[in-house]
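Sequence lines, in order, name chains A and B. Sequence positions in the first sequence follow the working numbering and run 159 to 508. Sequence positions in the second sequence follow the working numbering and run 22 to 235. A short worksheet on the structure shown next.
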Amino acid sequence: MRRLVWAVVLAVGAAPALAAQGSTAELLGQAHQFYERLEVERALPLLRQIVSPNWPFEVTPDQRVDAYKYLGACLALAGKRDSAVLYFRAAIERDPFTDLDPSLFTPAQLATFDEARRHTLAVAVRPIQAARVDPRTTRVSFTVVATHAALVDVKLSAIGAGSPLVLFQGTMDGVREVAWDGLLANRRLAPPGRYTLAVAGRSRVTGAADSARVYFDLRHEIAQLEDTLPDLDPRVLLPERISAEAARRDVAAGLGVAAAALLIAGAANADLGGSERGGADVVAATAAVTGVVAFLAHRRQGAIPQNVTANARHRAQRDSTNVAIRGRNADRIAATALLVSPAAGEGAGP
Amino acid sequence: MRAARLIAAAIFLLGAVAPATAQRALTVAPLVSLAEHRVDAGFGVERSLGPILGAVGTLRLGPGLAVAVRALGGSLFGANGVLDRDVGELGVEGSVVTGPWLSLQAGATRRAYGTRLGRQTWTTVDIGAVARVAFAGGTIHGVGRAALLPVVSVTGLPDPGVAFRAATGLEYGIRAATLGVEYSLERYDFPIDQGVRRVEQLAALTLRLGLRLR
Chain A
159 MRRLVWAVVL AVGAAPALAA QGSTAELLGQ AHQFYERLEV ERALPLLRQI VSPNWPFEVT
219 PDQRVDAYKY LGACLALAGK RDSAVLYFRA AIERDPFTDL DPSLFTPAQL ATFDEARRHT
279 LAVAVRPIQA ARVDPRTTRV SFTVVATHAA LVDVKLSAIG AGSPLVLFQG TMDGVREVAW
339 DGLLANRRLA PPGRYTLAVA GRSRVTGAAD SARVYFDLRH EIAQLEDTLP DLDPRVLLPE
399 RISAEAARRD VAAGLGVAAA ALLIAGAANA DLGGSERGGA DVVAATAAVT GVVAFLAHRR
459 QGAIPQNVTA NARHRAQRDS TNVAIRGRNA DRIAATALLV SPAAGEGAGP
Chain B
22 MRAARLIAAA IFLLGAVAPA TAQRALTVAP LVSLAEHRVD AGFGVERSLG PILGAVGTLR
82 LGPGLAVAVR ALGGSLFGAN GVLDRDVGEL GVEGSVVTGP WLSLQAGATR RAYGTRLGRQ
142 TWTTVDIGAV ARVAFAGGTI HGVGRAALLP VVSVTGLPDP GVAFRAATGL EYGIRAATLG
202 VEYSLERYDF PIDQGVRRVE QLAALTLRLG LRLR
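Below is the structure:
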């Protein structure tokens, strides 16, 4: 029951807005029908109602532009050229992309519309559409317009950073596509952030000036990068030089082996004569001499060649792995795609 | 018979635990020993001395597992009227590394002494450990071995009550080769029989050259 009540309340609340939209669209539709039947005198009052400040219902910008355009067209048909120019100018000022389709309007209407454009300078940028652009093969495209011949600057800049990049500078009349390769003035890929495209124009006919600006967010679409291997932990590497302590241990190890040989021979031979222990003596002497020689050699040189080689191999392996990782990452960065989406005003960006 | 069963069990165990995919390495080590045999059977110490030649083949089955087969032969010449004797030996041994410097070993040996009067065979099973201490930056290793021989079967004699083997030496690594020098001693104390205590020992100074084949 409670849900039903809420549904009714919502329906009642939403009804006026829908009705307002419906009323304007309905009236505009009727005016179009009258115009199609060349019943200009019946169409004009309807169109004037829509653009009147007293019209009680909501009018969207497109509806308002459409109403002004058809008012101009009706008045041109009625032979009221000056009034037609005024209404056409009103349409052009509100939407500089407004145009008349030559297949639907008469040459007189088109001539009147051209006159209105000559009297009105307006520049604009078409709203930016969300897009994914691979800068290696395609370009980000902006559509700009100047209603008549004008010197136009189209500049792109990152919000709060650097000097703007000039995308176009010259005379234009009408609509023009301006392409951007995704690079900034330093020829590097534009970093992610919020950007603005500013269009400024000065009429070559009247000297009047106009400007427009749109904002968009730029993001990078890039494959996951790999981390390079960290520096080798010294604990992982083998010691490359023998420490003084290790050298002393060599002496101890040699003497330990010597003592063990003598101990084995002495202990076991005791009850079997005990005099013959030449083999043990040989090993004991060899071990003792080896320990001392190792100690002296290490004090003089100290390097452990096999460990140096093993560590060098380990380092080379790591370096080659990192080179491969950097190469793969560079390929991925080179394949970065740009994601463009419209934005409102100067914000922090994505 | 008991010794044979133990040998077979040891080999079976080594074969079972060896990983099939492990990297294998074969080392062959020809050796030469100067051996001295002493025995006191109640008539004073009899001593014989002589050279022994042989080789040890070691197959590394995995990172810490190896099997070795040993074959030796030589002559020991008696002093002061002691009979000369020929000696031959076959042995098999398995080892497993249990730490950076320690490995455990188990093996079995069949040894035969022959004189002009007769032939005597020894069958032994040994269990022990080998300690290896690296010095000179790992180029040289000090080696110590100790093993008990819990099974010793000698033809014509009772089993000894105490039997052990001990050895110590050095191994020098030269590229893929290893030159080893080792002093070893085997000791057998037989139980007193009719008031006589028999003691035997075999000591040897061995020079061995290990060559890694693959």
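Using N, Cα and C, we set each Cβ at its ideal position, and we do this for glycine too.
Which first and last residues belong to the alpha helix (DSSP H) in which A/F271 is found?
Reading the first sequence from its first residue, position 113 is the one you call residue 271 of chain A. Segment P265 to H277, the alpha helix (DSSP H) holding A/F271.
How would you list, in chain order, the residues of chain B whose beta-carbon sits under 8 Å from the beta-carbon of A/V441?
Here residue 441 of chain A is taken as the residue at index 283 of the first sequence, counted from 1. By Cβ distance, chain B contributes T189, G190, L191, V202, E203, Y204 and L226.
Please name the residues in the stretch 462-491 of chain A whose beta-carbon is closer than 9 Å to at least one beta-carbon of chain B, in chain order.
The residues in question are I462, P463, Q464 and N465.
When you check each C-beta in the stretch 161-184 of chain B against every C-beta of chain A, which residues fall closer than 7 Å?
Correct list: I161, G163 and G165.
In chain order, what residues of the same chain have a beta carbon less than 7 Å from the beta carbon of A/T305, not counting five sequence neighbours either side?
Position 147 of the first sequence holds residue 305 of chain A. Hits under 7 Å: I250, P254, R275, T278, L279 and A280.
Count the other C-beta atoms from every protein chain shown that fall within 10 angstroms of the C-beta of A/A289, then say buried if there are 16 or more, exposed otherwise.
If you number the first sequence from 1, residue 289 of chain A lands on position 131. Classification of A/A289: exposed, given that the 10 Å Cβ count is below 16.
Roughly how many angstroms separate the alpha carbons of A/R457 and A/G449, rounded to a whole number?
The sequence position of residue 457 of chain A within the first sequence is 299, counting from 1. The sequence position of residue 449 of chain A within the first sequence is 291, counting from 1. Straight-line Cα distance between these residues: approximately 12 Å.
May I ask you to report which of helix, strand or coil DSSP gives A/P463?
To locate residue 463 of chain A, count along the first sequence from 1; it is residue 305. The answer is helix: DSSP assigns A/P463 an H, G or I state.
Give the range of the alpha helix (DSSP H) segment to which A/Q207 is assigned.
Against the first sequence, residue 207 of chain A aligns to sequence position 49. Its alpha helix (DSSP H) spans residues V198 to V209.
Compare the C-beta of B/D61 with all C-beta atoms of chain A and state if any pair is closer than 9 Å.
Residue 61 of chain B sits at position 40 when you count from the first residue of the second sequence. It does: the Cβ of B/D61 has a partner Cβ on chain A nearer than 9 Å.
Does DSSP put A/S181 in a helix, in a strand, or in coil?
Taking the first sequence and counting its residues from 1, one reaches residue 181 of chain A at position 23. Helix.
How would you call B/S54, buried or exposed, if buried means at least 16 neighbouring beta carbons within 10 angstroms?
Locating residue 54 of chain B in the second sequence gives position 33, counting from the first residue. Per the 10 Å Cβ criterion, buried.
Taking 9 Å as the CB-CB limit, is A/I380 close to chain D?
Looking at the structure shown, chain D is missing, and the protein chains on hand are A and B.
Among all the DSSP beta bridges, which residues are the ones paired with B/D61?
Residue numbering aside, residue 61 of chain B sits at position 40 when the second sequence is read from its first letter. DSSP lists B/V66 and B/V220 as partners of B/D61.
Could you tell me whether the stretch 262-274 of chain A touches the stretch 203-212 of chain A, using the rule of 3 or more Cβ pairs below 8 Å?
Output reads no: the stretch 203-212 of chain A does not touch the stretch 262-274 of chain A.
Can you tell which of A/D292, A/P293, A/F300 and A/F271 has the C-alpha that lies nearest to the C-alpha of A/P285?
On the first sequence, position 127 is the one that residue 285 of chain A refers to. That would be A/F300, whose Cα lies nearest to the Cα of A/P285.
Rounded to a whole number of angstroms, what is the C-alpha to C-alpha distance between B/I161 and B/L232?
Counting from one through the second sequence, the residue named residue 161 of chain B turns up at place 140. Counting from one through the second sequence, the residue named residue 232 of chain B turns up at place 211. Cα-Cα distance, rounded: 16 Å.
Relative to the C-alpha of A/L202, which candidate in A/G187, A/D259 and A/E216 has its C-alpha closest?
Residue numbering aside, residue 202 of chain A sits at position 44 when the first sequence is read from its first letter. Considering only alpha carbons, the answer is A/G187.
Would you identify the three-state DSSP class for B/Q126, choosing helix, strand or coil?
Here the question's residue 126 of chain B lines up with position 105 in the second sequence. B/Q126 falls in the strand class under three-state DSSP.
If you reduce the DSSP assignment to three classes, tell me which class B/A43 lands in.
Indexing the second sequence from 1 puts residue 43 of chain B at position 22. Confidence is the limiting factor: at B/A43 the pLDDT is only 48, short of 50, which leaves the residue's position unreliable and the question unanswerable from this model.
Could you tell me which residues DSSP puts in a beta bridge with A/R352?
The sequence position of residue 352 of chain A within the first sequence is 194, counting from 1. Bridge partners of A/R352: A/D375.
Touching or not, the stretch 413-420 of chain A and the stretch 185-200 of chain B, by the rule of three or more beta carbon pairs under 8 Å?
Touching, per the Cβ criterion.
Any beta-carbon of chain B closer than 9 Å to the one on A/V450?
Position 292 of the first sequence holds residue 450 of chain A. Closer than 9 Å: no.
What is the DSSP secondary structure of A/D408, reduced to helix, strand or coil?
The sequence position of residue 408 of chain A within the first sequence is 250, counting from 1. Helix.
To test your reading of the DSSP string, which unbroken alpha helix (DSSP H) runs of 4 or more residues are found completely within the stretch 138-177 of chain B?
With a minimum length of 4 residues, no continuous alpha helix (DSSP H) run stays inside the stretch 138-177 of chain B.
In three-state terms, what does DSSP make of A/A502?
On the first sequence, position 344 is the one that residue 502 of chain A refers to. Looking at A/A502 - three-state DSSP - the assignment turns out to be coil, as it is neither helix nor strand.
Is the Cβ of B/F156 closer than 9 Å to any Cβ of chain A?
Counting from 1 along the second sequence, the entry for residue 156 of chain B is found at position 135. So yes, B/F156 belongs to the interface.
Closest to B/N101 by CA distance: which of B/L123, B/V117, B/G65 and B/P121 is it?
Locating residue 101 of chain B in the second sequence gives position 80, where the first residue counts as 1. The shortest C-alpha separation from B/N101 is found at B/G65.
Roughly how many angstroms separate the alpha carbons of A/L185 and A/Y226, rounded to a whole number?
Locating residue 185 of chain A in the first sequence gives position 27, counting from the first residue. Locating residue 226 of chain A in the first sequence gives position 68, counting from the first residue. Answer to the nearest angstrom: the Cα atoms are 14 Å apart.
Below 7 Å between beta carbons is the criterion; list the residues of the stretch 209-224 of chain B that meet it against any residue of chain A, in chain order.
Listed by position along the chain: V220, Q222 and A224.
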